[in-house]
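The structure appears right after this line, and notes come after that.
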Amino acid sequence: MGEKELKDFFVGYLSKSSIFKDKKALQSNYTPKTVPYRDEQIENLASILAPSLRMEKPSNLFIYGKTGSGKTLCVKHVSENLSKIAEEKKIPIKIFYLNCKMKRVADTEYRLVAQMCREFGVEVPATGLPTDEIYKIFVNEIDKQKKLLLVILDEIDQLVLKTGDEILYNMTRLNSELKNSEVSLIGISNDLVFTDNLDPRVKSSLSEEEIVFSPYDAIQLQKILKQRAKLAFKEEVVGEGVIEKCAAYAAREHGDARRALELLRVAGELVERGGGKIIKEENIDQAEEKTERDRVLDIINTQPKQFKLTLYSIFNFMDKGIPIFTGDIYDFYKDVCIKTGAKPLTQRRVSDIIAELDMLGIINAKVISKGRYGRTRQICLAIPQNTVPKVVDLLKEGLNL
DNA sequence: AGGTATTCACATGAAACTATTCTCTGAGTTAGG
DNA sequence: TAACTCAGAGAATAGTTTCATGTGAATACCTGT
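In numbering that gives the first Met the number 0, the protein residues as written are 0 to 400.
Next comes the structure, spelled out in structure tokens:
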């Protein structure tokens, strides 16, 4: 495309009317003014956190519910309002929101505390200090003045999975080291049985209060979608049955509102790119396909080399239509490594990589016993057949094959 | 036939190792007084 | 003498290896009928 054509294209693009009024309303970080169907939880949350306004330490709180059930949204909603009032009335409350899944930010004990220090304006090194040193810095800093801290730990289950539950014990124990300030913890988890395998001491102190977010049902999702669609799209853009279909798809999963909104947004984008004016039911199907494909390709693209090698080995067996096991993959994997000049990992490690690929949802790896013939993982693909060629291409490219 | 014991092919766990990035510390070096 | 430089020790972290132990059920092997 030459310079002129490109210019024409952009000018043409601008003159075309968009079907979107405000696309932000469908994006995942959008915070609506009201959170529908969560009155009970919000009320509950507010009453648990309210004592903080009188400088009394609120109970530690534990929140759980599936993804896309509005946990984070509600917590942010309440905490924002709380801190607004605190600011007005000059009450020294400080609220942190930390997402424990964020790579290189808050996914280990050290980083979590370091990040809290930074929120307080103390610059701390990313590495090099002992962990208890960082605790000391933190304690000293916040204890200088009387303060009430509310620490919101989102996806806390991921943190504990990775680093063990000692960290929570340390956090709950912080209060005994603080003379002036106090710390309350608010844990948010997607995993409903997360607390079961927690140290009992931690468990009892962390979940002094609990709030459960049940999934949205299809009807509720419809209402939510309608509300947002009204903000996001111009009049008469959303076709018959589109909202219903979107809601039904998301409800089929587990009432994931985030997913429903994403579907609607992507469908809108597809229609707009195609020059259409109205979102139809079939666009939702396209959107679902596209989001799924994008997700898979994105995951694969960002995997390290050894994961790609393993995955490539797995794909090699997939068209043969026979059940496939860890041993087969490892044999093939070793060959590929030799061919590409990579250093083959041990079977132990490859076994873990396969398990991780399973977690990522790219493959299904079920541990089965073949009786006399041992125990192994039986592996099959978890991605739609029509994306397979693309994935293989991507892998070959990434591995110079 | 029915019951037990073996056995396979890995899974799963724990610890230890490697390499990288970063801080802190103290010895040695340098430049200015 | 104060400021600066630079090597070495020690941490955190990610990814991996080494060693050890666990495991479910198809088969092999008995046993008494």
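Note that the Cβ used here is the ideal one computed from N, Cα and C, for glycine as well.
Because the structure is a prediction, the values reported are computed rather than measured.
Q) Could you give the distance in angstroms between the alpha-carbon of Ala105 and the alpha-carbon of Lys20? A) Looking up residue 105 in the first sequence gives position 106. Looking up residue 20 in the first sequence gives position 21. Annotation: Ala105 to Lys20 spans about 36 Å, alpha carbon to alpha carbon.
Return the Cβ separation of Phe18 and Glu271 in integer angstroms, given the expectation that the two are a contact with Cβ distance under 8 Å.
Here residue 18 is taken as the residue at index 19 of the first sequence, counted from 1. Here residue 271 is taken as the residue at index 272 of the first sequence, counted from 1. Note on identity: in this sequence residue 18 is Ile, with Phe being the wrong assignment. Sure, about 5 Å apart at Cβ, within 8 Å.
Discussion item. Quick check for students: name the residue ranges of the beta strand (DSSP E) that lie wholly in the segment 51-113, counting only runs of 3 or more.
Written reply: Listed in chain order, they are 60-64, 92-98.
Within 10 angstroms of the Cβ of Cys379, are there 16 or more other Cβ atoms? Answer buried if so, exposed if not. As a position in the first sequence, residue 379 is number 380, starting the count at 1. Burial call: exposed.
Consult DSSP for Ala259 and reduce its assignment to one of helix, strand or coil.
Start at 1 with the first residue of the first sequence, and residue 259 comes out as number 260. If DSSP states are grouped into helix, strand and coil, Ala259 belongs with the helices.
Between the alpha carbons of Tyr311 and Leu394, how many angstroms are there, rounded?
As a first step, residue 311 is located in the first sequence; it is residue number 312 there, counting from the start. As a first step, residue 394 is located in the first sequence; it is residue number 395 there, counting from the start. Near 7 Å, if we compare the C-alpha coordinates of Leu394 and Tyr311.
If you scan the segment 139-220 from start to end, which runs of the beta strand (DSSP E) of 3 or more residues do you find wholly inside it?
Counting only runs of 3 or more, we get 147-153, 181-188, 208-212.
Helix, strand or coil for Thr345 per DSSP?
Numbered from its first residue, the first sequence carries residue 345 at position 346. In the displayed model, Thr345 falls within coil according to three-state DSSP, outside both helix and strand.
- Query: Going by Cα to Cα distance, which pick from Phe331, Gly340, Lys338 is closest to Gln346?
  - Reply: Taking the first sequence and counting its residues from 1, the one referred to as residue 346 is at position 347. Selected option, being the one with the closest Cα: Phe331.
C-beta contact flag for Ile155 and Gly120 at 7 Å
One-based indexing of the first sequence puts residue 155 at position 156. One-based indexing of the first sequence puts residue 120 at position 121. Annotated as distal: Ile155 and Gly120, with beta-carbon spacing of 7 Å or more.
On a CA-only basis, which of Lys289, Arg251, His253 is nearest Arg264? Give me that one, please. As a working mapping, residue 264 is identified with position 265 in the first sequence. Measuring C-alpha to C-alpha distances from Arg264 to each of Lys289, Arg251, His253 identifies Lys289 as the nearest.
Should the segment 173-183 be regarded as contacting the segment 132-147, the criterion being three or more beta carbon pairs within less than 8 Å? These segments touch.
Looking at Leu48: is its Cβ nearer than 7 Å to the Cβ of Leu72?
Residue 48 sits at position 49 when you count from the first residue of the first sequence. Residue 72 sits at position 73 when you count from the first residue of the first sequence. Taking 7 Å as the Cβ cut-off, Leu48 and Leu72 do not qualify as a contacting pair.
#### Entry: Given Asp392 as reference, the closest of Ile41, Val192, Leu308, Glu87 once Cα atoms are compared
By one-based count along the first sequence, residue 392 stands at place 393. Among Ile41, Val192, Leu308, Glu87, the Cα nearest to that of Asp392 is on Leu308.
Comparing the CB of Asp351 with every heavy atom of the ligand ZN, is any distance shorter than 6 Å? This structure lacks the ligand ZN; in fact it carries no ligand of any kind.
Tell me the rounded alpha-carbon separation between Lys161 and Thr30.
Position 162 of the first sequence holds residue 161. Position 31 of the first sequence holds residue 30. Whole-angstrom Cα-Cα distance: 30 Å.
Can you tell which of Glu209, Gln221, Lys304, Gly238 has its C-alpha closest to the C-alpha of Asn43? The residue given as residue 43 occupies position 44 in the first sequence. Nearest option by C-alpha distance: Glu209.
>> Could you compute how far the alpha carbon of Arg251 sits from the alpha carbon of Asp216?
In response: Taking the first sequence and counting its residues from 1, one reaches residue 251 at position 252. Taking the first sequence and counting its residues from 1, one reaches residue 216 at position 217. Taking the Cα positions, Arg251 is about 9 Å away from Asp216.
Q. Thinking just about the alpha-carbon of each residue, which of Leu52, Ile337, Asn28, Ala364 is nearest to the one in Leu398?
A. Position 399 of the first sequence, counting from 1, holds the residue named residue 398. When Leu52, Ile337, Asn28, Ala364 are compared, the shortest CA-CA separation from Leu398 is found for Ile337.
Provide the residue span of the beta strand (DSSP E) that contains Ser46, from first to last.
Reading the first sequence from its first residue, position 47 is the one you call residue 46. If you look at Ser46, you'll find it isn't in any beta strand (DSSP E); it sits in the alpha helix (DSSP H) that goes 38-48.
Q: With DSSP as the reference, please indicate the residues paired to Leu380 in a beta bridge.
A: By one-based count along the first sequence, residue 380 stands at place 381. DSSP lists Ile362 as the bridge partner or partners of Leu380.
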